[in-house]
Amino acid sequence: MHNTLNRLQSVFGFFTTVAGVLACFIAATDLYTARSPSGVIKPTNTQVVKGRPHYYSTKKEEYAIIKFSLDADLSSLFTWNTKQVFVYVTAEWPEPGTNATNEAVIWDSIITSPSADHLSNIGPHSMKKLKESAKGRSIVPERGILFLKSQKPKYQITHPSGKIANAEDVTLKVHYSVQPWVGLMSWDTESDYGFWSAFSGGVSDKFSLPAVKTKDEKPKKSRDTH
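For reference, each letter of the sequence shown is one residue, going 1 to 226 in full-length UniProt numbering.
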């Protein structure tokens with residue numbers, strides 16, 4: 001005869017086995033859900049300044065500030081198993097004289113699903129609007145529609161050498177990471193993977209960073225010609 005403890009252990013073991021198998025099936029559903037993210041990004045204003053880019057910086061150095069516009073459709077990333085989507089924009093440029101590539105994040109954002117809105121680190125007014133937009137719905141794909149115009153970067157770009165002015169062949173790229181309720185996190189890919197399509201677009205044309213902006217420089221006024 002099994003005592004009460006043995007029976008509880010057997011029930012718990014059976015429960016965890018069933019829960020694990022069920023979780024695998026739930027995670028597998030994502031693999032058969034089509035993903036087709038797309039977007040267009042372009043820089044709208046760039047400048048390079050010399051100073052202390054962070055409050056903890058010990059010395060002055062050159063840092064770049066890049067504003068950008070983004071029109072992206074990430075709605076296909078939101079399914080019933082999506083907890084939240086992490087979106088970020090990077091600036092990439094080659095290191096002169098080497099095969100290395102510099103990469104720095106300039107902006108990021110977390111887009112939650114209705115069931116994970118409580119995880120959003122926003123104010124009460126924004127939270128109220130967020131909950132009202134998702135009232136009665138478990139999926140809100142339109143949250144994946146991004147339209148940013150002349151967006152200010154969250155982070156400045158620096159370089160270990162302290163110099164970044166006149167950097168050439170700079171590109172902006174859009175990336176994402178999907179965190180599901182059950183299963184493994186997934187990231188954007190450069191090629192198609194089953195039902196998941198690679199990010200269509202999401203890369204800007206190449207551009208160069210300007211020279212260091214000095215305090216004596218004044219913006220040039222445009223003259224209308226008739």
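Using N, Cα and C, we set each Cβ at its ideal position, and we do this for glycine too.
Report back the beta-carbon spacing between residue i and residue j to the nearest angstrom; my notes put them in contact at under 8 Å.
i: Val48; j: Val212; result: 5 Å
i: Pro153; j: Trp107; result: 5 Å
i: Ala91; j: Ile157; result: 6 Å
Where does residue i fall in DSSP's three states?
i: Asp71; result: strand
i: Pro96; result: coil
i: Glu142; result: helix
i: Ser115; result: helix
i: Ser76; result: helix
i: Arg35; result: strand
i: Ile164; result: coil
i: Tyr88; result: strand
Taking all protein chains shown into account, decide if residue i is buried (16 or more other Cβ within 10 angstroms of its Cβ) or exposed.
i: Pro180; result: buried
i: Val21; result: exposed
i: Thr44; result: exposed
i: Ala19; result: exposed
i: Trp187; result: exposed
i: Tyr176; result: buried
With residue i as the anchor, note down where its alpha helix (DSSP H) starts and where it stops.
i: Ser150; result: Careful: Ser150 lies outside any alpha helix (DSSP H), inside the beta strand (DSSP E) at 145-151.
i: Phe12; result: 4-31
Between which two residues does the beta strand (DSSP E) containing residue i stretch?
i: His125; result: Unbroken run through His125 is the alpha helix (DSSP H), 124-133; no beta strand (DSSP E).
i: Ser177; result: 171-180
i: Ile41; result: 38-51
i: Glu190; result: Note, Glu190: premise wrong, no beta strand (DSSP E); not H, not E.
i: Ser80; result: Residue 80 is actually Trp in this sequence, not Ser. Neither: Trp80 is in no beta strand (DSSP E) and is coded neither H nor E.
i: Ala104; result: 101-112
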